[in-house]
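S.K.: Going by the UniProt record's numbering, the sequence shown opens with residue 1, and the numbers climb by one from there.
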Amino acid sequence: MSGWGFQRTVRSQPTDIEKSARGVSIKDTPANKVSAVMEELSHDVHKFGRRVHNIQQFTKDIGTTRDNDKLRSKLKAERQHAAKINERIQKNISKLSRNLFDTQLQNSPNKGSDMLDSSSLSHRRQQLKKLKTQVQDMEQQYNAALKESLAKEKKHGKRSNLDDDEQNEEGIYGDDSRQNDDSDDDDSNPNSTKSIVREQMRQMNNQPKKNTHQQQLDDQIKLVLSTNDKSTIDVETMIAQETYREVKELQDSYNELHECFKDLNTIISEQDPAFDVILENVTQANQNVEMGVEEIKVAKSMTAIGGIQKLTSKLSIFKKIM
Numbered sequence: 001m002s003g004w005g006f007q008r009t010v011r012s013q014p015t016d017i018e019k020s021a022r023g024v025s026i027k028d029t030p031a032n033k034v035s036a037v038m039e040e041l042s043h044d045v046h047k048f049g050r051r052v053h054n055i056q057q058f059t060k061d062i063g064t065t066r067d068n069d070k071l072r073s074k075l076k077a078e079r080q081h082a083a084k085i086n087e088r089i090q091k092n093i094s095k096l097s098r099n100l101f102d103t104q105l106q107n108s109p110n111k112g113s114d115m116l117d118s119s120s121l122s123h124r125r126q127q128l129k130k131l132k133t134q135v136q137d138m139e140q141q142y143n144a145a146l147k148e149s150l151a152k153e154k155k156h157g158k159r160s161n162l163d164d165d166e167q168n169e170e171g172i173y174g175d176d177s178r179q180n181d182d183s184d185d186d187d188s189n190p191n192s193t194k195s196i197v198r199e200q201m202r203q204m205n206n207q208p209k210k211n212t213h214q215q216q217l218d219d220q221i222k223l224v225l226s227t228n229d230k231s232t233i234d235v236e237t238m239i240a241q242e243t244y245r246e247v248k249e250l251q252d253s254y255n256e257l258h259e260c261f262k263d264l265n266t267i268i269s270e271q272d273p274a275f276d277v278i279l280e281n282v283t284q285a286n287q288n289v290e291m292g293v294e295e296i297k298v299a300k301s302m303t304a305i306g307g308i309q310k311l312t313s314k315l316s317i318f319k320k321i322m
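1) Please go through the same chain and pick out, in chain order, the residues whose beta-carbon is closer than 7 Å to the beta-carbon of residue 45, but skip the five residues on each side of it.
2) Exposed or buried, what is residue 149 when buried is set at 16 or more other beta-carbons lying within 10 Å of its beta-carbon?
3) Given 6 Å as the limit, tell me if residue 156 has its C-beta closer than that to any heavy atom belonging to the ligand FAD.
4) Alpha carbon to alpha carbon, how far is residue 128 from residue 246? Give it in angstroms, no decimals.
5) Tell me which residues share the same chain as residue 67 and place their Cβ nearer than 7 Å to its Cβ, disregarding the 5 neighbours each side in the sequence.
6) Which whole-angstrom value is the C-beta distance of residue 96 and residue 37, which I expect to be below 8 Å?
7) Taking the alpha-carbon positions, what's the residue 58 to residue 71 distance?
8) Where does residue 68 fall in DSSP's three states?
9) Leaving out five residues on either side along the sequence, give the residues of the same chain with a beta carbon under 6 Å from the beta carbon of residue 99.
10) Tell me whether the beta-carbon of residue 49 lies closer than 7 Å to the beta-carbon of residue 138.
11) Less than 8 Å between C-beta atoms, sequence neighbours within five positions excluded: which residues of the same chain meet that for residue 55?
12) Helix, strand or coil, according to DSSP, for residue 49 in the structure here?
13) DSSP three-state label for residue 242, please.
14) Could you give the C-beta distance for residue 41 and residue 93, rounded to a whole number, given that I count them as a contact under 8 Å?
15) Run through DSSP, which three-state label would residue 292 get?
16) Would you identify the three-state DSSP class for residue 62, choosing helix, strand or coil?
17) At least one CB of chain C closer than 7 Å to the CB of residue 87: is that the case?
18) Quick check on the burial criterion: 16 or more other C-beta atoms within 10 angstroms. Buried or exposed for residue 153?
19) Distance, Cα to Cα, residue 47 vs residue 140?
20) Roughly how many whole angstroms lie between the Cα atoms of residue 119 and residue 265?
21) Please report how far the alpha carbon of residue 65 lies from the alpha carbon of residue 151, in whole angstroms.
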């Protein structure tokens, strides 16, 4: 376990990369390709973290008693290795993003059993998201370490170049003073050899110039930054395209829903006359029911009165007989 929190997994079976290295035949399927690229990406992430850690450690020694040409050569090599690994990481992330998030590829009717199923696809997507988050965190540390190392190298540049310039200038003046021991070498005389040499040296010093080491640093900065920028732009462009596609699909869904509501509104508008007739019929039916109830009440009352009259007449006849 390193300081970066990476740990290699011990596998009982050889991986696809190891099989390929041993010359073992691997079935060339989309699923195997994704697995191989995913494994290569995991290895590169571990290597990238180790390189960044080395850059940080070597940078600490710049400007100290341990600072020497060998240390700076190692630091330069680590920066170059880290830049190459980072470039490979970004390419593999872009490749996996296309394979795992391309909805047209996944929904293709020609895909066979060798394609990733929905469960494996979801698992791989989660793995890729975690790796991308991990890489983004390491890239921030890498950029900070790169900036610090280059800044410290500039700050603690080699004194040998400056000493050589001073010795050359002193040598010119020394030789000139020994060869010209007359009044023309007076510093106050602008036409003297010494004054002319001083003016030429002053003009040379005013011109921007870079030593070999400084030029190498500047070239390396341009190389690393251009590589990082291109990889970052590619990934961000792919994410933006995927987001745009999702937003476009969502917009299409909302448009379809809007059309459904418009159709429903049209149907309801067309049914308004029928609804009016139905309402009129229901109202008429209610009125008929109310009238029927009233007639039933009247009939009931009339029936009750008739019964009482019949009973009264029978009682009268009975009394007469008695």
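Glycine residues also receive a C-beta, built at the ideal position from the N, C-alpha and C atoms.
M.R.: On the basis of the data shown:
1) 89, 131, 134, 135
2) buried
3) With respect to the ligand FAD, the structure shown offers nothing to examine, as it has no ligands at all.
4) 19 Å
5) 61, 156
6) 6 Å
7) 7 Å
8) coil
9) 34
10) yes
11) 75, 78, 79, 82, 142, 145, 146, 149
12) helix
13) helix
14) 7 Å
15) helix
16) coil
17) Judged by its chain identifiers, the structure shown contains no chain C, having just a single protein chain.
18) buried
19) 16 Å
20) 42 Å
21) 18 Å
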